[in-house]
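To start, the structure itself, in C-alpha cells.
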Amino acid sequence: MFIDKQSPKAYHALLQTSETVRATAADAGLDRTLVELINLRVSQLNHCAYCLDIHTRAALRAGETTQRLGVLAAWRDTEVFTPQERAALALAEAVTDPSDAAAQESAYAAAREVLTDDQVSAVIWVAITINAFNRVSILSRHPVRAAGVQ
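This is the structure:
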C-alpha cells in the first residue's frame, strides 16, 4: 500500500513541511545543491532508492556535478566538498543515526564552527524531513522505473 495515497492529508502535511524547510534553508543561505547533497546522503544511508532517484535528478538540475554525486557515499575520503558541506553532511548523518551520541555531539560542534546557527538548524530540518520521506517511500515500496518508462 502507498501510505501517501492511503492517508493523503498526512502526506500533504509532510509536503507542506518540506516546502517550509526548503524556504528555511534558502533563507539561511544554504545553496540548493547542498540541500540536495543532504537529501542524497541521508537517502543513501536509509537505502531509499525512490528518493535517491528523485534527488539525484534534482541535484543535477540544481547544477551539481556527476563527480561529486559519484563520490558522495565516500565524501570523507575526498577533497571535493567544502568545509561547510562536510560539516552539513556529518550533521545530517548524525541526525539519521542518532544512536551514537559521541558522533552526534562531534558533528554538531564541527557544524557550529563553520555554519551559522540558522544554517545548523536548517541542515537538521532538511535531514529530519528527508528521513521522513525515506520512511514513506520505503514502507510504501515506491517503485523506481527506468527513465522514460511509465
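No gaps in the numbering here: position 125 of the sequence shown is 116 in my numbering, and each next residue is one more.
Don't be surprised by glycine CBs; every beta carbon is placed ideally from N, CA and C.
In the displayed model, T107 falls within coil according to three-state DSSP, outside both helix and strand. A118 places its beta carbon less than 9 Å from that of A83. Around the beta-carbon of S128, 16 or more other beta-carbon atoms lie within 10 Å, marking it buried.
Using a Cβ distance threshold of 9 Å, R32 and W66 count as a contacting pair. For P(-1), the enclosing alpha helix (DSSP H) has its first and last residue at -1 to 18. The three-state secondary structure of F124, taken from DSSP, is helix. Assigned with DSSP and collapsed to three states, V26 falls in helix. Per the coordinates, the alpha-carbon of F(-7) lies some 27 Å from the alpha-carbon of A14. Judged by beta-carbon spacing, V86 lies beyond the 9 Å limit of Q75, meaning their Cβ atoms are not closer than that value.
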